[in-house]
Structures are given as C-alpha cells and as structure tokens.
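Numbering (my numbering), first residue to last: 3 to 116.
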Amino acid sequence: MATKAKISNRANVRNRAVRRLKTAVDLVVNRGVSLDVEENGWDLVSNEFMYMATVEKSILDVPMEVLCDEVAALLRNLRRKGQGVVARRPGPPSRIRSPDINRAGRCERICVGE
3 MATKAKISNR
13 ANVRNRAVRR
23 LKTAVDLVVN
33 RGVSLDVEEN
43 GWDLVSNEFM
53 YMATVEKSIL
63 DVPMEVLCDE
73 VAALLRNLRR
83 KGQGVVARRP
93 GPPSRIRSPD
103 INRAGRCERI
113 CVGE
C-alpha cells in the first residue's frame with residue numbers, strides 16, 4: 003500500500019487510512035463481507051498476482067460498509083479482467099552471447115531470443 007503526503011503531513015493520519023483499507027480487504031476476503039452467498043472471498047484473489055493500492059484522503063470519510071462494497075467490486079473486476087491471463091514471472095532480458103566474427107571479418111552480436 004502506498005500513501006502520499008497529500009493525505010496528510012502527519013504519519014498517524016496516513017497510517018490510519020492504510021489500516022482502514024487493510025481492514026476492508028480483510029473483511030471482504032476472510033469474512034465474506036459484501037459478497038453474495040455463493041461467493042468465497044479467497045476466490046477473488048490469486049497468489050499469482052501482486053496487488054497494489056494507492057490510498058487517497060477520501061478513504062478516511064467513507065463508511066466501512068461502503069468501503070467494503072467498493073473493495074469487493076474492485077476485486078471482482080480484477081478477477082474478471084485477469085481470467086485468461088497467464089501469469090508469467092519476469093525472466094531475464096534477452097541474453098547476449100559473446101561477439102562472433104562473420105565471414106567479412108566484422109564483429110556481430112547475436113541476441114538469443116526467449
């Protein structure tokens with residue numbers, strides 16, 4: 003979770019905003035708040051992805067019920083967008099072999115693709 007100084011210059015206010023969002027995510031994923039009866043909170047998240055959130059100042063004024071509804075809707079949207087996406091860990095960039103000398107005597111770099 004990332005916060006900006008725009009929320010407040012005081013660290014305790016920024017930390018309270020982060021705690022509110024973490025609590026809302028915990029309520030949705032672990033306890034099933036704001037979910038339909040047949041939905042499971044753990045089905046909304048995947049271990050194959052990393053989730054990042056930027057906390058804004060308005061999170062301090064929103065009631066927890068509304069915040070949980072928004073978190074559940076966002077997780078559903080991310081799950082729907084992520085279906086069919088194959089999670090791939092980033093590998094090293096294209097490896098470059100040592101220079102080879104071609105027939106004309108010039109040095110060339112050969113890139114080995116993935």
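Just so it is clear, CB atoms sit at the ideal spot from N, CA and C, and this is done for glycine as well.
Computed from a prediction, not measured in an experiment: that's the story for all the values here.
Assignment of T25 by DSSP, reduced to helix, strand and coil, places it in the helix class.
Taking a cut-off of 8 Å on C-beta distances, the stretch 51–66 touches the stretch 4–23, as three or more cross pairs fall below it.
CA-CA distance, N42 to N32, rounds to 9 Å. Distance from the CA of A4 to the CA of S36, rounded to the nearest whole angstrom, comes to 24 Å. Residue ranges of uninterrupted alpha helix (DSSP H) with 4 or more members, entirely inside the stretch 6–52 and ordered along the chain, are 13–33. One thing to note: C70 has its Cβ no nearer than 8 Å to the Cβ of V39. DSSP places M54 in no alpha helix (DSSP H); its state is neither H nor E.
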